[in-house]
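2 protein chains.
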Amino acid sequence: MSISQRPIGHRVAIIGGGFGGLYAARHLGKDPRIDLTLVDRRNHHLFQPLLYQVATGALAPGEIAQPLRSIVHRNANTSVILGAATGLDPERREVQLSDGGPIAYDTLVVATGAKHSYFGHDDWARFAPGLKSIDDATEMRRRILIAFEAAEREHVAERRHEWMTFVVVGGGPTGVELAGALGEIARDTLRRDFRSINSPDARILLVEALDRVLPNYPEGRSRSARRQLERLGVTVRTGTRVTNIAEHEVTVEPAAPGDVVDAGGTTRIPTRTVLWAAGVQASSFAKAVAAATGAETDRAGRIKVGPDLTIPGHPEIFVIGDAAVQPWKADRPVPGVAQGGIQGGKYVSKAIRTRLDGGTPAPFRFQDRGDVAVIGRLSGVTNIGWLGPFGRTGGFIAWLLWLGIHITYLIGFANRLVVLTRWAWTFVTHGRGSRLITGQPLLPDIEEPEPPA
Amino acid sequence: MSISQRPIGHRVAIIGGGFGGLYAARHLGKDPRIDLTLVDRRNHHLFQPLLYQVATGALAPGEIAQPLRSIVHRNANTSVILGAATGLDPERREVQLSDGGPIAYDTLVVATGAKHSYFGHDDWARFAPGLKSIDDATEMRRRILIAFEAAEREHVAERRHEWMTFVVVGGGPTGVELAGALGEIARDTLRRDFRSINSPDARILLVEALDRVLPNYPEGRSRSARRQLERLGVTVRTGTRVTNIAEHEVTVEPAAPGDVVDAGGTTRIPTRTVLWAAGVQASSFAKAVAAATGAETDRAGRIKVGPDLTIPGHPEIFVIGDAAVQPWKADRPVPGVAQGGIQGGKYVSKAIRTRLDGGTPAPFRFQDRGDVAVIGRLSGVTNIGWLGPFGRTGGFIAWLLWLGIHITYLIGFANRLVVLTRWAWTFVTHGRGSRLITGQPLLPDIEEPEPPA
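Protein sequence lines, in the order shown, are assigned to chains A and B. Everything in the first sequence is counted per the working numbering, starting at 11 for the first residue and increasing by one. Everything in the second sequence is counted per the working numbering, starting at 11 for the first residue and increasing by one.
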């Protein structure tokens, strides 16, 4: 019952519309020999590197997301399907969807990215939301803003202190950027908004198990990031493991000076707001692909691919971005950053066309463009190897570089204009325009003080 | 345990941070004799006249909302409380909150606005969401976008037709603007986005029980609006009552040529997307206030107030905006538009200060600034009485006037810049930047065709 009657070309199915899938789709969809189907559970491409800005009220969700259909609508060979890929039949070359399908392919591109991992403690998810989707970001924003609102109304000092304590778990780029933004919100944005509390008194802890933040950066950059965080009032606790997360507390070890250690020797940090930026694992579909093809995976469930990013024994299945262990250096695969997905997508797009020409694609080579993280207002760190010593900046220059790079890669020209407008305004006024509490608007019940025993 | 130790002034409590409450709060909060508490269930003021643009993907939620705290943060006499007012004790002069409180007042301002009314058919709400909050708007947006996605994937022609049929109930300004925006989306924005469906084929019905759309406008304006809607492909059905809304259909009477009338004589319009823009009623708190004070209400539960907008017998309780029947002409109260709330709020702010000066406030006089509605791209109707015949425009001039007025009243300078940027971009590209599906991202189960009997 298909409406289109044109002859069918080489059928490429791309699962996932993140950086990897999108950069693959943009070029493949222009090749007349190809029939492309792009499948995603969401109707939009999300610019994940700025997601923490939605979670902290600096940007609105629509400003960092763009409908997939509108991105590829000029590509007549491309169909976009809103659906969740759940299984793979590599013999019949079909992808199963949860609600319809299947989708037949000649070449499959798995670009389904990563989801949170709580390292086997899935019960922590309820108390410590992570940051992967727009809905995650608005939920995080809701919790952060509700905490200040509840503290304003709370009469019991102990509980007010719990509301005013924020724990960010994980000292990678997301954790560092979240903690920095929290510091800025507490010390700057909300400073004059409350009457009973003093928002700069908020206690913000960044907990990292390794011995430094930004462990993928050189040590000097980690030290610089730590200093900048501390200047924003963030308490950085490296070498500290989270051992449990429950409704009103996080337990860590070892204890630090000032911690409350209970009789059993457990260090409890009373808090109502825990943000998870620690672990990721491959998506469920990547796991299904590994199971169906017998592909090897790493501990996070990411598929180990060959030099051409295909599954060994399955040259028709590419796996790219965070779903894959993309080869790079002998001791280190491509890190889980946007550039990994972008370059994987571009490579696959070229490799498939090279094959249709009868050639053999050259192996994938990751070009490290460098890393940049922003820490609060007008400040950040960069680590851009190919710039030599000039690539290791901090402070304002890092912030400027960060701004330029993010605006360049943001999809959609209107979004670029709007985001620049917002940032310019934030820069001048110290405000944050998008501090909405949506979803459940009300406070959790504020308990009455218990009667003295 | 209050932290503030300064002497307590005249305590004013404002319930509701919409147009009425906000315009009352802005000036009262600057008077050193007054202690002001502003209570709202949401943490933001919402610019409701542009809510339909969020529902149709033209603007992002954060662009038409502004945190209440940041609007009044310069007013040292103002406390903002996030909470839901549930009851009133007029003897003790206290407002009860659902989760804490009570809030004591010397003067109370009830500005809690309106909510949807399904005219006694609350079961319709599930199938026909209304448009009052950001969450309503994102839900409406989700349903509209999902309908096109589902139609693209649906193989059964009958069901595809159901997904491609949109029914807007109610021909007031919200219904007209929603239907116009739907027409624009189908004919323009999405035109090139799909492969199996042709989005301009979407059937958009605007159903109104009265004999014309925009019944508050002069008849000529109603005719102009109808023509403009029809040009956008909207089928306008005036004089048509909705008798039932169920999961996959709306039933109406009387039938029109082309309708399918079943054996029992019922006209059923098969559709998966129904948008409610018909009835409103006073908020629950207004009803609680009426019950506690014995105030008279109209059929929609709005409180009948005296010439000074207070409840007869309760000079300390003002009711303004959509929660009240604000007096205007002999045969007609102030209509439920933004201007009613803004002018009510400004009046109350002045009246309270006049009383503190020992004076008696002059009666409230509503100044009709006129109405303006936009219908699709670059088109609309106005009815601005004080401009004489020049006030009755249509088409492009109406659209320009609409733009100027909305930008002027939008709260927050950053929002004005961002919204102008988006509109300029939409104007040039015919795009809509904020077409995100959030919340439940997936399609409802697409049923398999039933086996032939």
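Heads up, the beta-carbon is just placed ideally off N, CA and C, and yes, glycines get one too.
If the cut is a Cβ gap below 9 Å, which residues of chain B does residue i touch?
i: S89(A); result: E162, F204, R205, S206
i: R312(A); result: Within chain B, no residue comes near R312(A); the closest Cβ sits about 23 Å away, beyond 9 Å.
i: P325(A); result: Near P325(A) there are no residues of chain B at all, since even the closest Cβ is about 28 Å away, more than 9 Å.
i: N53(A); result: L155, I156, E159, R445, L446, I447, P451
i: L48(A); result: What L48(A) touches in chain B: nothing, since even the nearest Cβ is about 11 Å away.
i: H258(A); result: By Cβ distance, chain B contributes nothing, its closest Cβ being about 17 Å from H258(A), past 9 Å.
i: G368(A); result: Those within 9 Å of G368(A) in chain B number zero; the least Cβ separation is about 29 Å.
Specify the secondary structure class of residue i as computed by DSSP and reduced to three states.
i: V429(A); result: helix
i: H258(B); result: coil
i: P461(B); result: With a pLDDT of only 37 at P461(B), under 50, the local geometry of the prediction cannot be trusted, and the value read off the model is given with reservation. The answer is coil: DSSP assigns P461(B) none of H, G, I, E or B.
i: E237(B); result: Position check: residue 237(B) holds Arg in this sequence, whereas Glu was assumed. Helix at R237(B).
i: Q76(B); result: strand
i: V177(A); result: strand
i: A185(A); result: Ala is not the amino acid found at residue 185(A); the sequence shown has Gly there. Looking at G185(A) - three-state DSSP - the assignment turns out to be helix.
i: H54(B); result: strand
i: D332(B); result: helix
i: Q377(B); result: coil
i: L107(A); result: strand
i: R342(B); result: strand
i: P371(A); result: coil
i: G351(A); result: helix
i: H171(A); result: helix
i: G465(A); result: The question about residue 465(A) has no answer, for chain A in this structure spans 11 to 463.
i: D133(B); result: helix
i: L453(A); result: A caution first: L453(A) carries a pLDDT of 45, below 50, which makes its placement in the model too unreliable to give a value.
i: R201(A); result: coil
i: V223(B); result: coil
i: D99(B); result: strand
i: L69(B); result: coil
i: G414(A); result: helix
i: P112(A); result: strand
i: I407(A); result: helix
i: S359(A); result: helix
i: T364(A); result: helix
i: V82(B); result: helix
In the DSSP output, what is residue i paired with across the bridge?
i: T148(A); result: Paired residue(s): none; T148(A) is not in a bridge.
i: V246(A); result: L216(A)
i: Q10(A); result: Absent from the model: residue 10(A). The displayed extent of chain A is 11 to 463, so no value can be given.
i: A383(B); result: V391(B)
i: W286(B); result: V179(B)
i: P280(A); result: E259(A)
i: R21(A); result: D45(A)
i: L468(B); result: Shown here, chain B extends from 11 to 463; a query on residue 468(B) therefore has no answer.
i: I313(A); result: T307(A), A334(A)
i: L92(A); result: D50(A)
Against residue i, what residues of chain B qualify as contacts under a CB-to-CB distance less than 7 Å, listed in chain order?
i: V428(A); result: V428, T431, R432
Residues of chain A with a CB under 9 Å from the CB of residue i: which are they?
i: T66(B); result: Here the premise fails: no neighbours, minimum Cβ distance about 12 Å.
i: W396(B); result: Correct list: empty, because the minimum Cβ distance to chain A is about 34 Å.
i: W134(B); result: Near W134(B) there are no residues of chain A at all, since even the closest Cβ is about 23 Å away, more than 9 Å.
For a contact meaning CB atoms closer than 7 Å, what does residue i contact in chain A?
i: I144(B); result: L446, T448
i: A75(B); result: L446
Can you list the residues of chain A that residue i reaches, using a CB-CB cut of under 8 Å?
i: G19(B); result: None at all; the shortest Cβ gap to chain A is about 14 Å.
Can you list the residues of chain B that residue i reaches, using a CB-CB cut of under 8 Å?
i: H83(A); result: R202, D203
i: W173(A); result: Neighbours of W173(A) on chain B: none; closest Cβ ~13 Å, over 8 Å.
i: W409(A); result: By Cβ distance, chain B contributes nothing, its closest Cβ being about 20 Å from W409(A), past 8 Å.
i: W338(A); result: Near W338(A) there are no residues of chain B at all, since even the closest Cβ is about 32 Å away, more than 8 Å.
Cβ-heavy atom distance between residue i and the ligand HEM below 6 Å?
i: T47(B); result: No copy of the ligand HEM appears in this structure; indeed no ligand is present at all.
Original post:
Quick check: the stretch 19-33 of chain A against the stretch 113-126 of chain A, are there 3 or more CB pairs under 8 Å?
Top reply: Touching, per the Cβ criterion.
Original post:
Contact between the stretch 273-292 of chain A and the stretch 137-155 of chain A: three or more CB pairs below 8 Å?
Top reply: With a cut-off of 8 Å, the stretch 137-155 of chain A and the stretch 273-292 of chain A count as touching, because enough Cβ pairs lie within range.
**OP:** Check whether the stretch 273-282 of chain A touches the stretch 165-177 of chain A, counting contact only when three or more Cβ pairs, one atom from each stretch, lie closer than 8 Å.
**Re:** Taking one beta carbon from each stretch, the stretch 273-282 of chain A and the stretch 165-177 of chain A have 3 or more pairs nearer than 8 Å; the two touch.
Original post:
Quick check: the stretch 347-367 of chain A against the stretch 35-43 of chain A, are there 3 or more CB pairs under 8 Å?
Top reply: Remark: three or more beta-carbon pairs, one from each stretch, lie closer than 8 Å, so the stretch 347-367 of chain A and the stretch 35-43 of chain A are flagged as touching.
Original post:
If you pair each beta-carbon of the stretch 311-325 of chain A with each one of the stretch 190-210 of chain A, do three or more pairs fall below 8 Å?
Top reply: Short answer: they don't touch.
Subject >> contact_flag[the stretch 45-57 of chain A, the stretch 370-378 of chain A] where n(CB pairs < 8 Å) is 3 or more >> reply: By the criterion of at least three beta-carbon pairs nearer than 8 Å, the stretch 45-57 of chain A is not in contact with the stretch 370-378 of chain A.
Original post:
Is it true that the stretch 148-167 of chain A meets the stretch 62-71 of chain A, where meeting means three or more beta-carbon pairs spaced less than 8 Å apart?
Top reply: Between the stretch 148-167 of chain A and the stretch 62-71 of chain A there are three or more inter-stretch CB-CB distances shorter than 8 Å, so the stretches are counted as touching.
Original post:
Three or more C-beta pairs closer than 8 Å, one from the stretch 100-119 of chain B and one from the stretch 218-235 of chain B: is that the case here?
Top reply: No contact exists between the stretch 100-119 of chain B and the stretch 218-235 of chain B.
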